[in-house]
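Everything on this sheet refers to the single structure shown next.
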Amino acid sequence: MLKADLHVHTEYSFDCGMSLESIINRCLRVGVNCVAVADHGTVAGGLKMKEIAPFKVVVGEEILTPIGEIMGLFLKETVPSGVSPEEAIAQIREQNGLVCLPHPFDYMRGINQKYQSIDELAQHVDVVEVFNARALPIPFTEKKARSFAEKHGLLCSAGSDAHTLHEIGRAYVEMPEFNSVDEFRAALAQGRINGRHSCPLVHIPSTCRSISKSLKSWGGKSS
């Protein structure tokens, strides 16, 4: 069986400083033997991790769209940020990837339904993240995500959304081994979700890193 943390970031994300090697070492220490690397706006970290990790790695990406983030899984190329949700989904499909909605009902980071109903997306979605360790610890949002997945016959996943090492493995899916996208679907359908919420203060380091990078970028443009 796999202990799969299906939402992890690396130093390739603008708000994360974890090196690939440190992530691998932490996974081995806590018994995580499968990760989905879902960096913001790039698959570079996931592709590199897949080359060097001694365990299974799913290459993913969190893609920022006007209605919020959409996650692609089993990607080979980066989907650019800022595209419409329809275009993001189309580009994921072109790579034979899976479409996942991460933290869909989180009050701070969920799908913005002022612009598009989440039910309109359902027919284009494969997986719903029903437990995200970084989400606010409000049971209602998790129940809503699971109910949404069940209503539309979608697979359920979970992940730590780790941006720091101690977060890795705080949420994971116990699931059978897989060697293809179709096998992943079947394995996830049999999966058992486990999770504990991270302290809300975990957002501080990633927020500071994001601000720091923005200031450096702004400083470079103004010089």
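The numbering used here puts the last residue of the sequence shown at 225; the count rises by one with no breaks. Every residue, glycine too, gets a C-beta built ideally from N, C-alpha and C. The model shown is predicted, which means the values in this text are computed figures rather than measured ones.
- Within the stretch 162 to 207, the complete alpha helix (DSSP H) segments at least 4 residues long are 183 to 191, listed from N- to C-terminus.
- For C36, the pairing in a beta bridge is given by DSSP as A6, K58.
- Between the stretch 146 to 164 and the stretch 87 to 94 there are fewer than three C-beta pairs closer than 8 Å, too few to call the two in contact.
- Per DSSP, the unbroken beta strand (DSSP E) holding E131 starts and ends at 129 to 134.
- Secondary structure at S86: coil, using DSSP grouped into helix, strand and coil.
- Under DSSP, H154 shares a beta bridge with no residue.
- Contact between S83 and G43 holds, since their C-beta atoms are separated by about 4 Å, short of 8 Å.
- Between the stretch 36 to 55 and the stretch 15 to 25 there are three or more C-beta pairs closer than 8 Å, enough to call the two in contact.
- C-alpha of N35 to C-alpha of D7: approximately 8 Å in a straight line.
- With 16 or more other CB atoms across the displayed protein chains lying within 10 angstroms of its CB, R28 is buried.
- Going by C-alpha positions, M3 is about 11 Å away from R194.
- Excluding its 5 nearest sequence neighbours in each direction, A191 has C-beta neighbours in its own chain below 8 Å: L157, listed in chain order.
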